[in-house]
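Visitor:
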Amino acid sequence: MKNKYEQISGETFVDLINNLGVSPLVGEKTFNIQPGFEVRDALGTTYTLPYWDVIRRADDTYWSPLDDEARKTVYNVTDFQVFSKSTNEWLPMVAWFELAEM
């Protein structure tokens, strides 16, 4: 998934948070569920991620690490959808993020 999406990087996790914080951070959701989350991008490509950490910025964009880079890069996942097992449907990121429970 590298380089397909707008990204924010930092040499360390602290640098990454500082770079992300250009627009204030207003929320975060972290889940670790087996066998994983099904997410799909705007092109319809589906991925299964065992760990899903999404940060919401004040500019209403959503960011997440998408690979094993030790959280030094996050990608804009605003246009992604998440498959909700509780509703059995694909939810836009904003709707999924606002759900109280999966």
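Numbers given in my numbering equal positions in the sequence shown, counted from 1, plus 1399. Even glycine gets a Cβ: it sits at the ideal position worked out from N, Cα and C. Only a predicted model underlies this, so the values are computations on that prediction, with no experimental measurement involved.
Kindly confirm or deny that the stretch 1450 to 1457 and the stretch 1423 to 1433 touch, where touching means at least three C-beta pairs closer than 8 Å.
Guide: With the cut-off at 8 Å, the stretch 1450 to 1457 and the stretch 1423 to 1433 touch.
Visitor: In three-state terms, what does DSSP make of Asn1475?
Guide: Looking at Asn1475 - three-state DSSP - the assignment turns out to be strand.
Visitor: Would you call Thr1477 buried or exposed, if buried means 16 or more other Cβ atoms sit within 10 Å of its Cβ?
Guide: Buried, by the Cβ-count rule.
Visitor: Can you list, in chain order, the stretches of the beta strand (DSSP E) that have 3 or more residues and sit fully within the stretch 1412 to 1460?
Guide: Here the runs fully enclosed are 1424 to 1439, 1445 to 1456.
Visitor: Please name the residue in Leu1490, Trp1462, Glu1488 whose C-alpha comes closest to that of Leu1419.
Guide: If we check each option's Cα against that of Leu1419, Trp1462 comes out closest.
Visitor: Considering Glu1488, what are the terminal residues of the beta strand (DSSP E) in which it resides?
Guide: 1488 to 1491 is the extent of the beta strand (DSSP E) around Glu1488.
Visitor: Between which two residues does the beta strand (DSSP E) carrying Ser1483 extend?
Guide: 1480 to 1483 is the span of the beta strand (DSSP E), which, as asked, contains Ser1483.
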